[in-house]
Amino acid sequence: MFSNKSGTQEKHEQPNLRTRLDDAFLLRFLRARKFDYDRAMQLLLNYHAGRKAWPEVFQDLKPSTVKHVLDLGFLTVLPQPDPSGRYILCLRPGKWKPNDYPFVDNVRALYLTLEKLIQPEETQVNGIVILADYTGVGMSQASNPGPFLAKKVVSILQDGFPIRIKAVNIINEPMIFKGIFAIIKPFLKEKMAERYVLHGSDLRSLHKNVPRSVLPEEYGGSAGQLDLCSWSRVLLGCEEEFIVEFCQPDPLEGVVLPDSMLFEGETRGQDDDSFRGLRSQLYYCY
2 MFSNKSGTQE KHEQPNLRTR LDDAFLLRFL RARKFDYDRA MQLLLNYHAG
52 RKAWPEVFQD LKPSTVKHVL DLGFLTVLPQ PDPSGRYILC LRPGKWKPND
102 YPFVDNVRAL YLTLEKLIQP EETQVNGIVI LADYTGVGMS QASNPGPFLA
152 KKVVSILQDG FPIRIKAVNI INEPMIFKGI FAIIKPFLKE KMAERYVLHG
202 SDLRSLHKNV PRSVLPEEYG GSAGQLDLCS WSRVLLGCEE EFIVEFCQPD
252 PLEGVVLPDS MLFEGETRGQ DDDSFRGLRS QLYYCY
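Dropping the structure here:
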């Protein structure tokens, strides 16, 4: 198990990689990879490498900078978890129009949401479920972000973030969704691709996967109307927390990472001197 001498949630500096080494933080990565130490370490490296590789997402990343995304209703988190203890992240890409603001703002809001969701141990163990409502999605959204950004988003969620995505439920998908999914699918691992379930407009099909008791009325549920304000308040109330976490010097500043360490799901490049150095720095806390 990861451990540190003080047991406090402080940041320790190593010669090359500066990262939190407290148990609460590092256990996220171990739990996400079922306590496989090599895979957990690779995930930790990917987590930091992603922040270095996509500065327009992570620069000055705090809730107040994505308030417009939250207000628009692009994403929210349903208030109650499902019977398996999994919170449901509700995405509504049709609410966003390319002329509203850059697509990267959606990614920033999504990342902050995941960072907040992953804090409780229960979510680290149980994972989350995604409900994506494609109502209103047309060609303008389908052609944006395109394959390059789609790959980066998938890479962060699949290989660079310590969260288990247990299911992705797609509803009200338009005909052009086949084209959208064709862009995404090549970047998905087989296990993740199998977790995508397309329901169309059949809410009865959705209810077989997500019970009505946790769904809002908009999706045939009994949990009241969809509330966009609650999750927005949660994130905006954590402004200072995220300033400390993200508005600090880059943890990998000055470190040259081999390509094999960027957005890879498997541990590669183990013979590389840089990789061995980082590995030895992290393994001391197991």
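Numbering-wise, our numbering comes out as the position in the sequence shown, counting from 1, plus 1.
Backbone N, C-alpha and C fix where the C-beta goes; we use that ideal spot for every residue, glycine too.
Given the structure is predicted, the values throughout are model-derived calculations rather than measurements.
### Message
Given this structure, state the Cα-to-Cα distance separating A224 from V211, to the nearest angstrom.
### Response
One-based indexing of the sequence shown puts residue 224 at position 223. One-based indexing of the sequence shown puts residue 211 at position 210. Going from the Cα of A224 to the Cα of V211 covers about 12 Å.
### Message
Please report the distance separating the alpha-carbon of C248 from that of L27.
### Response
In the sequence shown, counting from the first residue as 1, residue 248 sits at position 247. In the sequence shown, counting from the first residue as 1, residue 27 sits at position 26. If you take the alpha carbons of C248 and L27, they lie about 20 Å apart.
### Task
Quick one: give me the first and last residue of the alpha helix (DSSP H) that T136 is part of.
Against the sequence shown, residue 136 aligns to sequence position 135. Segment: none, T136 is in no alpha helix (DSSP H) and carries neither H nor E.
### Message
Quick check on Y1: does DSSP put it in helix, strand or coil?
### Response
As displayed, the chain neither begins before 2 nor continues past 287, which places residue 1 out of reach and without an answer.
### Message
Between the alpha carbons of L227 and A133, how many angstroms are there, rounded?
### Response
Taking the first residue of the sequence shown as position 1, residue 227 is located at position 226. Taking the first residue of the sequence shown as position 1, residue 133 is located at position 132. Their backbone Cα atoms lie some 14 Å apart in a straight line.
### Task
Grab the span of the alpha helix (DSSP H) containing L237 for me, first residue to last.
To locate residue 237, count along the sequence shown from 1; it is residue 236. It spans 230-237 - the alpha helix (DSSP H) in which L237 sits, taken as one unbroken run.
### Query
Quick one: Cα of E174 to Cα of F104, how far?
Here the question's residue 174 lines up with position 173 in the sequence shown. Here the question's residue 104 lines up with position 103 in the sequence shown. Approximately 19 Å between the Cα atoms of the pair.
### Query
Between Y197, N100, Q159, P80, which lies nearest to V169 when the distance is taken from Cα to Cα?
If you number the sequence shown from 1, residue 169 lands on position 168. Answer by Cα proximity: Y197.
### Task
For F59, I'd like the list of residues in its chain whose CB is within less than 7 Å of its CB, leaving aside the five on either flank, ordered along the chain.
Walking along the sequence shown from the start, residue 59 turns up at place 58. Only R52, F247 meet the Cβ criterion.
### Query
Mind checking Q81: buried by the 16 CB within 10 Å criterion, or exposed?
Reading the sequence shown from its first residue, position 80 is the one you call residue 81. Q81 should be labelled exposed.
### For A54, the first and last residue of its enclosing alpha helix (DSSP H)
Stepping through the sequence shown from its first residue, residue 54 is reached at position 53. Per DSSP, A54 belongs to the alpha helix (DSSP H) from 38-54.
### Query
With 16 as the cutoff for other CB atoms within 10 Å, does R205 come out buried or exposed?
By one-based count along the sequence shown, residue 205 stands at place 204. Flag for R205 reads exposed.
### Message
Restricting to Cα atoms, I'd like to know which of V67, K117, G128 is closest to D101.
### Response
Along the sequence shown, one-based indexing puts residue 101 at 100. Nearest of V67, K117, G128 to D101, Cα basis: V67.
### Message
Quick check: what's the CA-CA separation for D83 versus A50?
### Response
Sequence index remark: in the sequence shown, residue 83 carries index 82 (1-based). Sequence index remark: in the sequence shown, residue 50 carries index 49 (1-based). Taking the straight line from one Cα to the other gives about 32 Å.
### Query
For the alpha helix (DSSP H) that L92 lies in, which residues bound it at each end?
Position 91 of the sequence shown, counting from 1, holds the residue named residue 92. From DSSP, L92 is part of no alpha helix (DSSP H) but of the beta strand (DSSP E) over 88-92.
### Message
Excluding the 5 residues flanking I181 on each side, which residues of the same chain have their C-beta closer than 7 Å to its C-beta?
### Response
Here residue 181 corresponds to residue number 180 of the sequence shown, with the count starting at 1. Result list for I181: A143, in chain order.
### Query
Going by DSSP, which residues form a beta bridge with G201?
Here residue 201 refers to the residue found at position 200 when the sequence shown is read from its first residue. The partner list for G201 (beta bridge, DSSP) reads I172.
### Task
Return the chain-ordered list of same chain residues with a C-beta closer than 8 Å to the C-beta of F188, the five sequence neighbours on each side being excluded.
As a position in the sequence shown, residue 188 is number 187, starting the count at 1. The residues are A151, K152, V155, S156, Q159.
### Message
Under 8 Å, with one C-beta from each stretch per pair, do the segment 89-98 and the segment 123-132 reach the 3-pair mark?
### Response
yes
### Query
Helix, strand or coil for I119 per DSSP?
Within the sequence shown, numbered from 1, the residue matching residue 119 stands at position 118. In the structure shown, I119 sits in coil (DSSP, three-state: anything other than H, G, I, E or B).
### Message
Quick check on K192: buried or exposed, where buried means 16 or more other Cβ atoms within 10 Å of its Cβ?
### Response
Counting from one through the sequence shown, the residue named residue 192 turns up at place 191. So K192 counts as exposed.
### DSSP-derived helix/strand/coil call for I164
As a position in the sequence shown, residue 164 is number 163, starting the count at 1. DSSP places I164 in coil when its eight states are reduced to three.
#### Entry: Cβ shell of F75 (< 8 Å), same chain only, five flanking positions each side left out
What you label residue 75 is simply residue 74 of the sequence shown in a count that begins at 1. Excluding sequence neighbours, F75 sits near L92, R93, P94, K96, W97, N107, A110.
### Query
Cα separation between L31 and L113?
If you number the sequence shown from 1, residue 31 lands on position 30. If you number the sequence shown from 1, residue 113 lands on position 112. Computed Cα separation, rounded: 21 Å.
### Query
Going by C-alpha distance, which of W55, H69, E122, K186 is nearest C230?
Within the sequence shown, residue 230 is the residue found at index 229, counting from 1. Per the Cα distances, H69.
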